Amino acid sequence: GIVFKEDVTDIRTELKKVDIFLAPIQIGGGTKFKILEAMAAGVPVVTTPKGMEGLEMVNGKEVLVVTNWDHIGQIVEQLLTDDAYRLELVRAARTRIERDYSWEKIAKQLDTAWIAAYEKRH
Numbered sequence: 019g020i021v022f023k024e025d026v027t028d029i030r031t032e033l034k035k036v037d038i039f040l041a042p043i044q045i046g047g048g049t050k051f052k053i054l055e056a057m058a059a060g061v062p063v064v065t066t067p068k069g070m071e072g073l074e075m076v077n078g079k080e081v082l083v084v085t086n087w088d089h090i091g092q093i094v095e096q097l098l099t100d101d102a103y104r105l106e107l108v109r110a111a112r113t114r115i116e117r118d119y120s121w122e123k124i125a126k127q128l129d130t131a132w133i134a135a136y137e138k139r140h
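Just remember that the numbering used here sits 18 ahead of the position in the sequence shown, which is counted from 1.
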């Protein structure tokens, strides 16, 4: 069945319980860390264009970006029944996470941004 969760304190625990991570994000800004964490945990992600803002992922290869949620049933069914496609999506997403979104890489990018901001002011 489908379970809706709000105010999750430890997403890692919840990600161990799911087959698909649905993120129907419509508003908000910034990086969507829960989406990255789901991908890192090996859970296929279905989201909106808003959910992918700021992230460099390939729709259909690393993530499924849905513009018409009337088709969500078909998408979920495909992910639940097509093991090869689901595994391909998960592997590609995990590879992208390891290459571009590791905590070390994010920390280095933040460090570079902070130094640049400091140098601009001084």
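All C-beta atoms, glycine included, are put in the ideal place defined by N, C-alpha and C. For clarity, every value in this text was computed on a predicted model and none was experimentally measured.
Taking 8 angstroms as the upper bound for CB-CB distance, Lys52 and Ile29 are in contact here, some 6 angstroms apart. For Asp88, the closest of His140, Glu137, Pro42 by C-alpha to C-alpha distance is Pro42. Membership of Leu40 in the beta strand (DSSP E) is indicated by the continuous run 39-41.
A Cβ-Cβ separation of about 12 angstroms leaves Leu82 out of contact with Val108 under the 8 angstroms criterion. Take the alpha-carbon of Arg114 and the one of Ile38: they are about 18 angstroms apart.
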